[in-house]
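According to my numbering, the sequence shown is numbered sequentially starting from 24. For each residue, glycine too, the CB sits at the ideal point set by N, CA and C. Report on one structure; see the data block that follows.
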Amino acid sequence: MRTILVTGAAGLLGRHVVRDLLAHRHTVRGLDRHRADEDIEWHVGDVASPELVAKAVAGADVVMHIAAIPNIWSGDGQTIMRVNLLGTYTVLEATEAAGIKRLIFCSSDSVAGYTVREGKMLAPRYAPLDLDHPLLATDPYAISKVAGEGLSRAFALRGMSVVALRTVFVAYPDMAGEIVARAKDPDNYRGPMVGGPSSAGGGPLHHHIDPRDLARAFRLAMEMKMVPGEFERFYLSAQVTLSPEPTLERLRRLHGGSVEVRNPDVYARQPFAPLYDLTHAAERLGFVAEYDQRHLLAGLPGFS
Ligand SMILES: NC(=O)c1ccc[n+]([C@@H]2O[C@H](COP(=O)([O-])OP(=O)(O)OC[C@H]3O[C@@H](n4cnc5c(N)ncnc54)[C@H](O)[C@@H]3O)[C@@H](O)[C@H]2O)c1
């Protein structure tokens, strides 16, 4: 049984992570701008406040850093950089000062640069996209996650072991209506239009992951054997996308032949497999997603 500080614990993902940890009999503390219903120790305030974070981490065994401005629509560039960068630095610094050896950083697949249509999004160079693919982030949110990984890696070099989870769009139960609305009219969807907390996301390929799977990945990242100084990154996704077209067909339609297909077998086995290479997560983290939300789309025009 461990004591875990979860930043962003009152948020959509944070609450799933907290519940998963409690169900596995860990002691959980939450840090957020406001508290949620979970009956845990709360530290309420700004994640970039060194005093607040130092108090929250004292005596913890592991830190899961999830608090962030979670997309480009939730804050301007200045706000995103202050919360996501200064907040991450503050959490890493306090974690190190408290002698805590493991930190899990909630990153994003946006580091690869293929998530936001409105930005200067660049096509991926090849599929499946793995850890060797260059990071082509261009919008402030994605840049903040690249830089957050850079900070995380630096603190790992100083002796901690840090895991960055590059998750795709999280399909929370509240997002089901948005996912269906987009699938009904993908070209004209400008969410959120049916009461979801944000737009159906996942980039041009409509990637997604179920929050129950993602919460499990955080726990696995805590349990994974690592040596001091190690920094690990994982792309995480459901095993299928929410796109009407198979992945290679869609990439060809959107980008002509510019995306090199390095392992066609992946898409022969599962035509809707994500852009991201999930083998590292399967082999090193022991994570394979159990859920997907394609059932939401069954029977809609264009979906089989
Ligand atoms: N939602 C997605 O599809 C998605 C995809 C990839 C990565 N992520 C990452 O997942 C994490 C959680 O996002 P979410 O979907 O739960 O969004 P969310 O907005 O529900 O959660 C973020 C939490 O961080 C807290 N927070 C924001 N600024 C803060 C500050 N200054 N001080 C303290 N707390 C602060 C918020 O109050 C909120 O509870 C984020 O790091 C986000 O970047 C989300």
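heavy atom of ligand 1 below 7 Å from residue i C-beta
i           : result
residue 57  : yes
residue 93  : yes
residue 200 : no
residue 36  : yes
residue 113 : no
residue 260 : no
residue 309 : no
residue 120 : no
residue 70  : yes
residue 193 : yes
residue 103 : no
residue 50  : no
residue 146 : no
residue 264 : no
residue 169 : no
residue 89  : yes
Sequence-distant residues of its chain with Cβ nearer than 6 Å to residue i (five each side left out)
i           : result
residue 109 : 71
residue 195 : 35, 234
residue 98  : 92
residue 145 : 136, 159
residue 255 : 186
For residue i, the nearest candidate out of the options (CA to CA)
i           : options            : result
residue 162 : 187, 101, 24       : 101
residue 81  : 31, 59, 122, 205   : 122
residue 45  : 241, 310, 252      : 241
residue 296 : 281, 232, 183      : 232
residue 320 : 214, 299, 209, 255 : 209
residue 301 : 27, 150, 137, 96   : 150
Integer Cβ distance of residue i from residue j, believed to fall under 8 Å
i           : j           : result
residue 126 : residue 175 : 7 Å
residue 89  : residue 31  : 4 Å
residue 328 : residue 159 : Since the first residue of the chain shown is 24 and the last is 327, residue 328 is not available in this structure.
Residues that residue i bridges to, as DSSP identifies them
i           : result
residue 55  : 67
residue 88  : 30, 128
residue 189 : 130, 258
residue 50  : 26
Same chain only: Cβ atoms within 8 Å of residue i, ignoring 5 sequence neighbours per side
i           : result
residue 243 : 308, 309, 310
residue 253 : 179, 184, 185
residue 42  : 61, 238
Close Cβ partners of residue i (< 7 Å) along its chain, the five nearest in sequence each way excluded
i           : result
residue 33  : 53, 55, 57, 58, 59
residue 218 : 200
residue 286 : 151
residue 40  : 29, 87, 89, 238, 241
residue 65  : 53, 58
residue 202 : 194, 223, 265, 316, 319
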